[in-house]
Amino acid sequence: MLETQGYAVTDPKADFKPWRFERREVGPHDVLIEILYCGVCHSDIHQARDEWGGSMYPMVPGHEIVGRVAEVGAEVSKFKAGDLAGVGCFVDSCRECSSCQEGLEQYCEGHIAMTYNGTEADQKTPTYGGYSSHIVSDEAYTLKIAPSAKLEAVAPLLCAGITTYSPLRRFGVKAGDKVGVVGLGGLGHMAVKLAASMGAEVTVLSTSPSKEEDARRLGAHHFVVTREPQNLQVLANSFDLIIDAVSAEHDLNLYLGLLKRDGALVLVGAPEKPASVHAFSLIPKRRTLAGSMIGGIAETQEMLDYCAEHNIVSDVEVIPIQKIEEAYERTIKGDVRYRFVIDMKSL
Ligand code: NAP
Ligand code: ZN
Ligand code: ZN
Numbered sequence: 260m261l262e263t264q265g266y267a268v269t270d271p272k273a274d275f276k277p278w279r280f281e282r283r284e285v286g287p288h289d290v291l292i293e294i295l296y297c298g299v300c301h302s303d304i305h306q307a308r309d310e311w312g313g314s315m316y317p318m319v320p321g322h323e324i325v326g327r328v329a330e331v332g333a334e335v336s337k338f339k340a341g342d343l344a345g346v347g348c349f350v351d352s353c354r355e356c357s358s359c360q361e362g363l364e365q366y367c368e369g370h371i372a373m374t375y376n377g378t379e380a381d382q383k384t385p386t387y388g389g390y391s392s393h394i395v396s397d398e399a400y401t402l403k404i405a406p407s408a409k410l411e412a413v414a415p416l417l418c419a420g421i422t423t424y425s426p427l428r429r430f431g432v433k434a435g436d437k438v439g440v441v442g443l444g445g446l447g448h449m450a451v452k453l454a455a456s457m458g459a460e461v462t463v464l465s466t467s468p469s470k471e472e473d474a475r476r477l478g479a480h481h482f483v484v485t486r487e488p489q490n491l492q493v494l495a496n497s498f499d500l501i502i503d504a505v506s507a508e509h510d511l512n513l514y515l516g517l518l519k520r521d522g523a524l525v526l527v528g529a530p531e532k533p534a535s536v537h538a539f540s541l542i543p544k545r546r547t548l549a550g551s552m553i554g555g556i557a558e559t560q561e562m563l564d565y566c567a568e569h570n571i572v573s574d575v576e577v578i579p580i581q582k583i584e585e586a587y588e589r590t591i592k593g594d595v596r597y598r599f600v601i602d603m604k605s606l
């Protein structure tokens, strides 16, 4: 077994503490990755604090992992020692169901091994995430990372990047489409960069007037403060697609009303409490309310290659792991520009 150093919480109210645990030996298809950077996703906060229910402790969160391959198993062909590698939100799946067969492993109908707060393919061994020194991962579920001068800014692509790229592709966003992004946080700022890179006319719908300048720098063409109802009225029936990346309770009907006929509101944000939707927010203009979860391995690789080609990375604030509690508090307050990333040298 491989001794690993990490940071864990032991219950929903506990603070993070250093924690030693063991990872499996490197198997024939595995790579051992020395973790360099790990992004801090709001899903880490929801799960560490058991806001979605069913959290498993001790928990080592972290699913935006970038590192260097230290060792490879005998059968590994995709990686060699010294390569850069990434791990996202899941580390295995059943490999047999129709979703797995179609490269949509994130919707696996069998057992999916989430990177943390889950169990390995054996459905018994707990998984531990990227707030740690090393991870052992099957090469089939490990992403290739192109060399970058800003590796720390690549890490958030593994969740925030793919979670917004996937619905933009699925809904066929093209040049000239009007795309709204609700919530300018980790996911939201990637949605803006990606949608703008695809030629869309992007509007940020935000509760934070102070983010306007940033939104425009990130590629948005318009910025709307949602706390003022008259600002939304003038946008009625105007968007082809809206990506909703808000982490807390909010009124979906307000945003559904901004969609054109046949437009779609895609939820990627996952608030703790359920939302209420009025049928007449959907019926008269044949609108769609949809959800989307991360992306499959092939699409995640496609997104990483697309971002490398288009020079797209995340805007990050790098922190030592000892500041993780403060980073959580600031994320909850919306005080992050736009992703905290842990420098694992600080472990
Ligand atoms: P984040 O960085 O905290 O951003 C969330 C943004 O939502 C904030 O920056 C803020 O933007 C807005 N917001 C926060 N509280 C709000 C409130 N009370 N009312 C209205 N707006 C509010 O979070 P994130 O890491 O981007 O994650 C966002 C959500 O997506 C989380 O729920 C997370 O669990 C979920 N998620 C889902 C997937 C998936 O596969 N679907 C993957 C990753 C994350 P403004 O200041 O601009 O209003
Ligand atoms: Zn995430
Ligand atoms: Zn499956």
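If you read the sequence shown in our numbering, its first letter stands for residue 260, the second for the next number, and so on. Glycine included, every Cβ here is placed at the ideal spot set by N, Cα and C.
Please classify residue i as buried or exposed, where buried requires at least 16 neighbouring CB atoms within 10 angstroms.
i, result
"residue 599", "buried"
"residue 440", "buried"
"residue 365", "buried"
"residue 361", "exposed"
"residue 539", "exposed"
"residue 333", "exposed"
"residue 398", "buried"
"residue 289", "buried"
"residue 506", "buried"
"residue 415", "buried"
"residue 282", "buried"
"residue 542", "exposed"
"residue 303", "buried"
"residue 458", "exposed"
"residue 436", "buried"
"residue 448", "buried"
"residue 528", "buried"
Rounded to the nearest angstrom, how far is the Cβ of residue i from that of residue j, given a contact under 8 Å?
i, j, result
"residue 301", "residue 531", "Not a contact, Cβ separation roughly 11 Å."
"residue 562", "residue 295", "About 20 Å separates the two Cβ atoms, so there is no contact after all."
"residue 609", "residue 420", "Past the edges of the chain, shown from 260 to 606, lies residue 609, and the structure says nothing about it."
"residue 450", "residue 478", "About 10 Å separates the two Cβ atoms, so there is no contact after all."
"residue 590", "residue 268", "Not a contact, Cβ separation roughly 15 Å."
"residue 388", "residue 319", "5 Å"
"residue 515", "residue 546", "6 Å"
"residue 559", "residue 402", "6 Å"
"residue 548", "residue 536", "6 Å"
In its own chain, which residues sit with a C-beta less than 8 Å from the C-beta of residue i, not counting the 5 before and 5 after it?
i, result
"residue 386", "350, 372, 373, 374, 375, 376, 377, 378 and 379"
"residue 508", "530, 531, 532 and 534"
"residue 287", "332, 333, 334 and 335"
"residue 428", "558"
Give me, in chain order, the residues of the same chain whose beta-carbon lies closer than 7 Å to that of residue i; leave out the 5 immediate sequence neighbours on both sides.
i, result
"residue 270", "316"
"residue 284", "260 and 261"
"residue 475", "482"
"residue 308", "271"
"residue 461", "438, 440, 451, 454, 455, 478, 479 and 480"
"residue 314", "271, 306 and 376"
Select from the options the residue whose C-alpha is nearest the C-alpha of residue i.
i, options, result
"residue 635", "368, 388 and 322", "In the structure as shown, the chain starts at 260 and stops at 606, and residue 635 therefore has no counterpart that could be examined."
"residue 293", "368, 498, 358 and 390", "390"
"residue 384", "260, 576 and 536", "260"
"residue 492", "506, 415, 512 and 368", "512"
"residue 345", "335, 331, 356 and 327", "327"
"residue 488", "595, 307 and 510", "510"
"residue 394", "445, 558, 264 and 435", "264"
"residue 564", "453, 482, 436 and 273", "453"
"residue 413", "445, 433 and 548", "445"
"residue 278", "392, 291 and 314", "392"
"residue 275", "582, 382 and 490", "582"
"residue 291", "310, 339 and 314", "339"
"residue 330", "314, 359 and 396", "396"
Going by beta carbon distance, what residues of the same chain come within less than 6 Å of residue i, once the five residues before and after it are set aside?
i, result
"residue 526", "503 and 550"
"residue 580", "266, 601, 605 and 606"
"residue 369", "353 and 356"
"residue 342", "328"
"residue 337", "398"
"residue 465", "443"
"residue 348", "322, 374, 418 and 553"
"residue 575", "411, 412, 598 and 600"
"residue 595", "589"
"residue 382", "370"
So, do the stretch 567 to 574 and the stretch 548 to 558 have three or more beta carbon pairs nearer to each other than 8 Å?
They do not touch, by the three-pair rule.
Quick one: any contact between the stretch 390 to 409 and the stretch 470 to 488, if contact means 3 or more CB pairs under 8 Å?
no
Would you call the stretch 514 to 527 and the stretch 495 to 503 touching, i.e. three or more CB-CB distances under 8 Å?
Taking one beta carbon from each stretch, the stretch 514 to 527 and the stretch 495 to 503 have 3 or more pairs nearer than 8 Å; the two touch.
Report yes or no: do the stretch 579 to 593 and the stretch 423 to 439 share at least 3 C-beta pairs separated by less than 8 Å?
no
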